[in-house]
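2 protein chains.
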Amino acid sequence: MKQFAVIGLGRFGMSVAQTLSKKGVQVLAIDMDEKKVKIASEFAARAIELDATDETALRDAGVPDVDVAVVGIGRNIASSILITLILKEFEIKTIIAKAFTSLQGKVLTKLGASRVIYPEREMGAKVTESLIKPGIFEHIKLSPTHTLVEVDVPKNFEEKTIGELAIRSKYRVQVVAIKRKVTKVDKNGKAGIGENILIAPMPDDGLIKGDRLVLLGQNEDIERVKKIK
Amino acid sequence: MKQFAVIGLGRFGMSVAQTLSKKGVQVLAIDMDEKKVKIASEFAARAIELDATDETALRDAGVPDVDVAVVGIGRNIASSILITLILKEFEIKTIIAKAFTSLQGKVLTKLGASRVIYPEREMGAKVTESLIKPGIFEHIKLSPTHTLVEVDVPKNFEEKTIGELAIRSKYRVQVVAIKRKVTKVDKNGKAGIGENILIAPMPDDGLIKGDRLVLLGQNEDIERVKKIK
Ligand SMILES: Nc1ncnc2c1ncn2[C@@H]1O[C@H](COP(=O)(O)OP(=O)(O)OP(=O)(O)O)[C@@H](O)[C@H]1O
Ligand SMILES: Nc1ncnc2c1ncn2[C@@H]1O[C@H](COP(=O)(O)OP(=O)(O)OP(=O)(O)O)[C@@H](O)[C@H]1O
Numbered sequence: 113m114k115q116f117a118v119i120g121l122g123r124f125g126m127s128v129a130q131t132l133s134k135k136g137v138q139v140l141a142i143d144m145d146e147k148k149v150k151i152a153s154e155f156a157a158r159a160i161e162l163d164a165t166d167e168t169a170l171r172d173a174g175v176p177d178v179d180v181a182v183v184g185i186g187r188n189i190a191s192s193i194l195i196t197l198i199l200k201e202f203e204i205k206t207i208i209a210k211a212f213t214s215l216q217g218k219v220l221t222k223l224g225a226s227r228v229i230y231p232e233r234e235m236g237a238k239v240t241e242s243l244i245k246p247g248i249f250e251h252i253k254l255s256p257t258h259t260l261v262e263v264d265v266p267k268n269f270e271e272k273t274i275g276e277l278a279i280r281s282k283y284r285v286q287v288v289a290i291k292r293k294v295t296k297v298d299k300n301g302k303a304g305i306g307e308n309i310l311i312a313p314m315p316d317d318g319l320i321k322g323d324r325l326v327l328l329g330q331n332e333d334i335e336r337v338k339k340i341k
Numbered sequence: 113m114k115q116f117a118v119i120g121l122g123r124f125g126m127s128v129a130q131t132l133s134k135k136g137v138q139v140l141a142i143d144m145d146e147k148k149v150k151i152a153s154e155f156a157a158r159a160i161e162l163d164a165t166d167e168t169a170l171r172d173a174g175v176p177d178v179d180v181a182v183v184g185i186g187r188n189i190a191s192s193i194l195i196t197l198i199l200k201e202f203e204i205k206t207i208i209a210k211a212f213t214s215l216q217g218k219v220l221t222k223l224g225a226s227r228v229i230y231p232e233r234e235m236g237a238k239v240t241e242s243l244i245k246p247g248i249f250e251h252i253k254l255s256p257t258h259t260l261v262e263v264d265v266p267k268n269f270e271e272k273t274i275g276e277l278a279i280r281s282k283y284r285v286q287v288v289a290i291k292r293k294v295t296k297v298d299k300n301g302k303a304g305i306g307e308n309i310l311i312a313p314m315p316d317d318g319l320i321k322g323d324r325l326v327l328l329g330q331n332e333d334i335e336r337v338k339k340i341k
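From first to last, the protein sequence lines stand for chains A and B. Just so we're aligned: the first sequence equals residues 113 to 341 in our numbering. Just so we're aligned: the second sequence equals residues 113 to 341 in our numbering.
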């Protein structure tokens, strides 16, 4: 079982420590703010108050023995940089560090951080993707050349079968699954909207209005299919 | 073409405005800080300096005519709340608002924000997911009951074909694609590692060490396959 340490329990660090604990992972949570340590002690295996730029204090807390360390310190740029260097000298295999500015991120990478996270910037990009492609729910890059997307069934595809549409030969994309909205009744007899998913559909499976297709193909073929009305 | 406004160009707001502009979308970028407006004017269709709690100034800037407004103001809790209310009174269809605390988020939702974003918290959870499943590169919930994952090829599957392994009938999951590392030579003759992807493999396609499988199936079947050594 991998051991984790989270240093700096701001909004990002606390979220990491909570998510790890919820998944049953042992987490050592560290901050110099007593109030934050108290909150973390309610869910983390161990929560310790210390100044993480103090190498001896980190050693005494057992930080050198962890497999993964997450540094959730952003605005305190000096602390984030000094702590990342100490963790690297402890030879911790995976060091994830949050950064507040790009320059700070460059320093962290040069010091040996395995991955640098810019939470606001990355969320800004993700939220925007979801805003401009209302019909494309998930747009997942499986590799530099291939993408998996979910699209609303184009109008021209309604009331036709996969075989009739010859999607694979005509558009060079694979229909991996069909998602269809259905009315479901829960155990209290209340009706609601659920979703059935049909994996690897057969040629005689038909498409209806409101279906969603999960498609896999090369990037340019996927872009072409997305434009079909 | 949908019209967008981004109000508050902090790390999150600036990222939204930049991502939209890169995708060719017309963006009206607003902030009360002249320096931020100057940066945004280099990529946004329009960038205006104003205090967004001033309703008249927002009207003069044309904000009531947009389809989507993103409020990227977090720490200034009062501004974020007042501005969200003004946007709702303009009857803007989609209002996305960032929040710094959960209580602020609750107020924004009650005032009519279509979606509230907590960038640090949501990124904390996403990063953690990727940390605790090292073998699972992408774990995508396609629906409440079905998941798509990428897994390393289990040892027992190496040097065997898809047909011999009878993965679909034995494990009830569909092999959507195989990803294989290959040596690629770039135009300068330098060799590097690339990745080929084979969509919808045939029964006589074989698996080798280092391959990755993209699998689709019901959640419990996927969990079972993940445990195969
Ligand atoms: N030297 C240090 N040792 C231990 N904890 C520290 C140290 N420096 C900062 N911290 C803690 O790290 C946390 C986050 O720090 P900081 O304010 O720099 O980041 P932030 O980017 O504002 O965080 P977030 O946006 O995730 O809330 C705070 O709880 C702070 O107490
Ligand atoms: N009333 C207002 N009108 C226009 N702009 C505003 C107003 N209040 C704040 N801003 C701008 O919004 C931006 C972000 O504000 P704030 O500092 O509250 O959020 P933040 O959570 O720290 O942002 P981030 O973490 O994304 O950098 C700043 O650039 C600020 O100038």
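Even for Gly, the Cβ is constructed at its ideal location relative to N, Cα and C. Model, not experiment: these values are computed from the prediction.
query = Nearest to VAL139 of chain A by alpha carbon, out of A:LEU162, A:LYS114 and A:LYS299?
reply = A:LYS114
ask   = If you check the beta carbons only, do VAL287 of chain A and LEU260 of chain A fall under 8 Å apart?
value = no
query = When DSSP builds the beta bridges, which residues end up paired with GLY329 of chain A?
reply = According to DSSP, which records beta bridges pairwise, GLY329 of chain A is partnered with A:THR259.
request  = Can you pull the chain B residues whose beta carbon is under 7 Å from the beta carbon of THR240 of chain A, in chain order?
outcome  = VAL128, THR131 and LEU132
key: VAL178 of chain A (DSSP reduced to helix, strand or coil)   = VAL178 of chain A: coil per DSSP, three-state reduction.
request  = Please confirm whether any heavy atom of ligand 1 lies closer than 7 Å to the CB of PHE124 of chain A.
outcome  = yes
key: Selection from B:GLY136, B:LYS200, B:ILE320 and B:LEU328 that minimises the alpha carbon distance to ALA312 of chain A   = B:LEU328
ask   = Between the segment 221-234 of chain A and the segment 233-242 of chain B, are three or more C-beta pairs nearer than 8 Å?
value = With the cut-off at 8 Å, the segment 221-234 of chain A and the segment 233-242 of chain B touch.
ask   = So with Cβ pairs under 8 Å, would you call MET235 of chain A a contact of chain B?
value = yes
Extent of the continuous alpha helix (DSSP H) run through GLY306 of chain B = GLY306 of chain B -> not in any alpha helix (DSSP H); beta strand (DSSP E) instead, spanning 303-311.
ask   = When the Cβ atoms of the segment 189-201 of chain B are set against those of the segment 155-165 of chain B, are three or more pairs found closer than 8 Å?
value = Yes, the segment 189-201 of chain B touches the segment 155-165 of chain B.
query = Mind checking whether the beta-carbon of GLY164 of chain B lies closer than 7 Å to any heavy atom of ligand 2?
reply = Inspection of the sequence shows that residue 164 of chain B is occupied by Ala rather than by Gly. ALA164 of chain B Cβ: within cutoff of ligand 2.
ask   = Using the beta-carbon of each residue, which ones in chain A are nearer than 9 Å to PHE124 of chain B?
value = PRO231, GLU232, ARG233, MET235, GLY236 and VAL239
Buried versus exposed, by CB contacts within 10 Å (16 or more), VAL297 of chain A = exposed
key: Contacts that GLN286 of chain B makes with chain A (C-beta to C-beta distance below 9 Å)   = Within chain A, the C-beta atoms nearer than 9 Å to that of GLN286 of chain B come from VAL288, ALA289, ILE311 and ALA312, in chain order.
Reduced DSSP secondary structure (H/G/I, E/B, other) of LEU319 of chain A = strand
message = Whole angstroms are fine: how far does the CA of LEU310 of chain B sit from the CA of ASP323 of chain B?
response = 11 Å
query = Does DSSP put VAL265 of chain A in a helix, a strand or coil?
reply = coil
task = Measuring alpha carbon to alpha carbon, tell me which of A:GLU262, A:LEU277, A:LYS205 and A:LYS135 ends up nearest ASP317 of chain A.
result = Nearest option by C-alpha distance: A:LEU277.
query = Going along chain A in order, which residues have a C-beta closer than 7 Å to the C-beta of GLY329 of chain B?
reply = ILE311
task = May I ask you to list the residues that DSSP assigns as paired with PHE116 of chain B?
result = B:VAL139 and B:VAL180
request  = Inspect the beta-carbon positions of ALA129 of chain A and ALA169 of chain A and report whether they are closer than 8 Å.
outcome  = no
key: In DSSP terms, what LYS293 of chain B is bridged to   = B:GLU307
key: Interface partners of SER255 of chain B on chain A, CB under 7 Å   = LYS291, GLU307 and ILE309
query = First and last residue of the alpha helix (DSSP H) that includes GLU161 of chain B?
reply = From DSSP, GLU161 of chain B is part of no alpha helix (DSSP H) but of the beta strand (DSSP E) over 158-161.
key: Segment contact flag, the segment 215-226 of chain B with the segment 208-221 of chain A, C-beta cutoff 8 Å, min 3 pairs   = no
message = I'd like to check one pair, GLY122 of chain B with GLY186 of chain B: are the Cβ atoms closer than 8 Å?
response = yes
query = What span of residues does the alpha helix (DSSP H) with ILE244 of chain A cover, start to end?
reply = 231-244
ask   = At a Cβ cut of 9 Å, what residues of the segment 135-147 of chain B count as close to chain A, listed as they run along the chain?
value = So the list reads LYS135 and VAL137, given in the order they occur along the chain.
ask   = If you check the beta carbons only, do VAL294 of chain B and GLY306 of chain B fall under 8 Å apart?
value = Cβ atoms of VAL294 of chain B and GLY306 of chain B: closer than 8 Å.
ask   = So does ILE198 of chain B have its beta carbon nearer than 7 Å to some heavy atom of ligand 2?
value = no
key: Nearest to ASN331 of chain B (by Cα), restricted to the options B:ILE204, B:THR257, B:LYS299 and B:ASP143   = B:THR257
request  = Rounded to whole angstroms, what's the CA-CA distance from LYS321 of chain A to ASP333 of chain B? Just pull it up for me.
outcome  = Inter-residue distance for LYS321 of chain A and ASP333 of chain B is about 29 Å (C-alpha atoms, whole angstroms).
task = Verify whether the separation of the beta carbon atoms of VAL180 of chain A and ALA209 of chain A is less than 8 Å.
result = One thing to note: VAL180 of chain A has its Cβ no nearer than 8 Å to the Cβ of ALA209 of chain A.
query = Should LEU121 of chain A be listed as close to ligand 1, given that the test is whether its C-beta is under 7 Å from any heavy atom?
reply = yes
ask   = Hey, is ILE204 of chain B's beta-carbon within less than 8 Å of any beta-carbon in chain A?
value = no
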